[in-house]
Amino acid sequence: MSSDNSSISMEVADQAINDQPKSENVDKTSNEEQSKSDNVALETDQKDLYAYLDHDFTTERFKLEVRGLPKFYGFGEFRKFLNEKLQLDASKIKPPKRGSGWAYICFRSEKSRDDAIKALHGVEWKKAKLSAQVAKPAPDPFIKRKMERKNAKPTPEDPTVDMSPETRVRLSTTPLYDMPYADQLKSKQKEIGIIVKTMCQQILNVNEDLKGWFDKQRKRYEGFPCELGEIVHSNTTDGYRNKCEFTIGMDVTGTKKMIGFRLASYASGSVAIGPIDELRHIPQKMKTAIKILEKFICDSDLAVFDPTTHQGYWKLVTARTTRLDHLMLIIGINPQSMTEEDLKNLQKKLKEFFEEPCNAEVGVTSLYFQTIVKKEAGGKGGGEIVHLSGSHYIEEQLLGMTFRISPEAFFQVNTLAAEELYKTAIELAKPLENTALLDVCCGTGTIGLSFAKHCDEVFGIEMIPTAIHDAKVNATQNTINNSEFFIGKAEDLLIPVINRTTQPNIVAIVDPPRAGLHQRALIALRKAKKLNKLVYISCDPKAAIKNLVDLARPNSKQYHGDPLVPVKAVPVDMFPHTKHCELIIYLERFSLIQKREQEKVQVKVNNIEEEKEKVEEQIIDLENQKLVEKLWEKVSNIEKETNKLEEKANNVENEVDTFFKEQNKIVEKAKNIEEGQVIDLVKESEKFAEKTKDMRNQVEKYKEELNVLRKEALELIEQVKKKRRIE
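In UniProt numbering, the protein residues as written are 1 to 727.
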């Protein structure tokens, strides 16, 4: 699941480094006495950068340095070599810089460290001979920075020194608070574009077979190796955070208890707290609740926890709000040597405080108390969370559904932007019928249940038991019957859950913590033959690159299955006014992409064939049209010739009639003339008769030609009619 993408997370990480001293008597001194004690302790620590080693347990006491590491190896391989093959009890392995030949390994005891030196020194691994020796502990970063500032030569002043605490905390938590939101989006879009290009270049470094495809993608998407969508965002940019983890400490003057955010990290040499009043991303309801709690803590005899001396009690407050106007507070203290009775009395006071009419108006619907105890040697870290009053959970609405959220359960910190995030993920994955959704690191089931109506099965995996309980309740109260949720690590459960699916197709949604997915989980996803689509949601895109590179590696003994390669990336602004941005990357099996590309080529070929047929038909149509036009022209000419012949025939017949009339006249004359003249008239008559005969023959000839022309014209007309019937 995604982690909070703001400097709030950095504060928690800083605090985790310096959590808890050994138990001492309960400190009931006044604020003034506490301040004096802190100053003395600080002066002592400044004389000794390693004073923290005496405060409580730390693995820095028992550290070794191993040298001679091979040039190329995987960090997971090295861990496996140490813990499984050599059976070393390493509590922490500090990963070295890329390409360096050394690493630090921490242990829980001096004996474990010394045994490890014996086992490692001179051993051969990956054709490299290793050496091991005792390493010095790292200096306390806070004290180191204090001493550096004290002893340093004059340098240009920090520009934030003269700023008010309000301005400094704004810069620390929302550094883009005064930048127009449109410019924030442009900046984040540009940054994500650079990350996408870097990611794909690193993929090419391990899988050269993808070069041809990436080159095509670059031509298609203006230089980007995969499609880069426009940044998605919510229209609400202020008061959007539904969860904040506040530090309880002292203000910049060191005289007043305060709940807020650190002005800088512990490693930067600062433990002062800044106020939250003017922070744009925190809702007013949360600010009001924190101010009310701050009054209780200021009136309390218990001092705030100081990470430099490891003294004090009040430490953290987690606040969660929802659009349903629910408010959860989890108040965390370092119990030091407080008895069970002391803790119960404090819990009772807190409960009664928020039940007072003047304080109840803020509307705390769920109140919890947490004891934060640092991890001891061989022990478990964390702290017990005790319910004090109100509901055991809060509820939030998202995409028309209602979700239950327990104290430790993950839920996206920006609900409105989360709706845009999930809608985009669904649009990218395009789940079809006969598809199972695999929701990896599912939290309270929000993503999987949002997908439920788009697919046949939903399987969620999450390692926090209360979150899985919430997910099951959420499925029931939203009448979703096609989902199952499983408790455990993704790397342990992926294969059995994949085997449980009954559908022929699997779409995986991966929303891991900042560190990304375990390598075994990636290998399991690669091996799943039915899995062809994967949506990777990252709260830290740069950190996600390693996972994405592993998913795209070529098929090998370690990475079975066809590579999963990025097809489209879409940034989602979950954190307005900060530099952070969520990124959704949609991946597909490369074989599926190749098949789709081949289908596209075939479609183009088919389209060309269809176009060719259409052109040929058009040519035939044109030829037919020209032929018809010629036929009509010929018919027209024949009709003209026929008319001429008919006219000639009529003329000949007229002449014959004239000849007959003349002949009759001659006969009439013959009755009145002499014999000699008769002979001449007879001869003339015979000539007329001969001429008449010739004329009649010519008329008959014209009539025969006329009949031939009429027959030919009729045939041509029939051809034209036939052509038109075909059309």
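All residues carry an ideal CB built from backbone N, CA and C; glycine is no exception.
Neighbour-count burial assignment, residue i, 16 or more Cβ in a 10 Å radius
i           : result
D573        : buried
R168        : buried
residue 729 : The structure shown has nothing for residue 729, since the chain only spans 1 to 727.
R500        : exposed
W314        : buried
C455        : buried
G381        : Per-residue confidence for G381 stands at a pLDDT of 46, beneath the threshold of 50, marking its modelled position as unreliable; no derived number is given.
W125        : buried
P512        : buried
A360        : exposed
I391        : The amino acid occupying residue 391 in the given sequence is Ser; Ile does not appear at that position. Under this definition S391 is an exposed residue.
Beta-bridge partners of residue i, as assigned by DSSP
i    : result
P70  : Bridge partners of P70: none, in fact.
H233 : D573
Q397 : T402
N654 : Its beta-bridge partners do not exist; DSSP assigns none.
K632 : Note that residue 632 is Trp in the sequence shown, not Lys. None; W632 has no bridge partner.
M250 : K257
M328 : R320 and S366
E462 : I487
V304 : W314
T510 : Just to set this straight, residue 510 is Val in the shown sequence, not Thr. V440 and Y536.
CB-CB length for residue i against residue j, believed under 8 angstroms
i           : j    : result
V510        : V440 : 5 angstroms
residue 759 : Y240 : For residue 759 there is no data in the structure shown, the boundaries of the chain being 1 and 727.
G274        : L327 : Not really, about 22 angstroms apart at Cβ, beyond 8 angstroms.
L551        : M199 : Not quite, the Cβ-Cβ distance comes to about 11 angstroms (not below 8 angstroms), so this is no contact.
M401        : N481 : Their Cβ separation, rounded to whole angstroms, is 14 angstroms, which puts M401 and N481 out of contact at 8 angstroms.
F62         : S112 : 7 angstroms
Q370        : G312 : Incorrect: roughly 16 angstroms between the Cβ atoms, too far for contact.
S91         : F107 : 6 angstroms
I259        : L293 : 6 angstroms
V720        : L631 : 5 angstroms
C-beta atoms of residue i and residue j nearer than 7 angstroms
i    : j    : result
G443 : A467 : yes
T255 : P283 : no
V304 : A272 : no
L399 : S450 : yes
L120 : V66  : yes
I461 : L421 : no
S483 : A436 : no
D470 : R404 : yes
I585 : T424 : no
K190 : I231 : no
K243 : V413 : yes
A524 : I495 : yes
E278 : E355 : no
L534 : L587 : yes
Between the CA atoms of residue j and residue i - distance to the nearest angstrom
i           : j    : result
F659        : E647 : 18 angstroms
L716        : S636 : 10 angstroms
T288        : K348 : 21 angstroms
H518        : K614 : 57 angstroms
K593        : E616 : For the record, residue 593 in the displayed sequence is Ile; it is not Lys. The alpha-carbon atoms of I593 and E616 are separated by roughly 34 angstroms.
E668        : E662 : 10 angstroms
E110        : I93  : 16 angstroms
V601        : E227 : 20 angstroms
G193        : Y181 : 18 angstroms
K344        : A528 : 51 angstroms
K640        : V603 : 55 angstroms
F590        : G229 : 20 angstroms
K691        : E704 : 20 angstroms
F353        : E419 : 36 angstroms
D115        : G74  : 24 angstroms
E491        : A521 : 4 angstroms
K136        : L64  : 8 angstroms
P571        : Q397 : 23 angstroms
Q598        : V605 : 10 angstroms
S685        : M695 : 15 angstroms
D540        : N607 : 44 angstroms
D45         : A138 : Low local confidence applies: a pLDDT of 46 at D45 is under 50, so the model's placement there is unreliable, and no value is given.
residue 728 : L210 : The structure shown does not extend to residue 728, since the chain spans only 1 to 727, so no value can be given for it.
I385        : G122 : 48 angstroms
L316        : H281 : 19 angstroms
residue 761 : E712 : No statement about residue 761 is possible, as the shown extent of the chain runs from 1 to 727 and does not include it.
E24         : D299 : Low per-residue confidence applies at E24: pLDDT is 34, beneath 50, and the placement is therefore not dependable, though the value from the model is reported in the following sentence. Near 22 angstroms, if we compare the C-alpha coordinates of D299 and E24.
Closer than 7 angstroms to chain C by CB, residue i
i    : result
E191 : The chain labelled as chain C is not found in the depicted structure, where only one protein chain is given.
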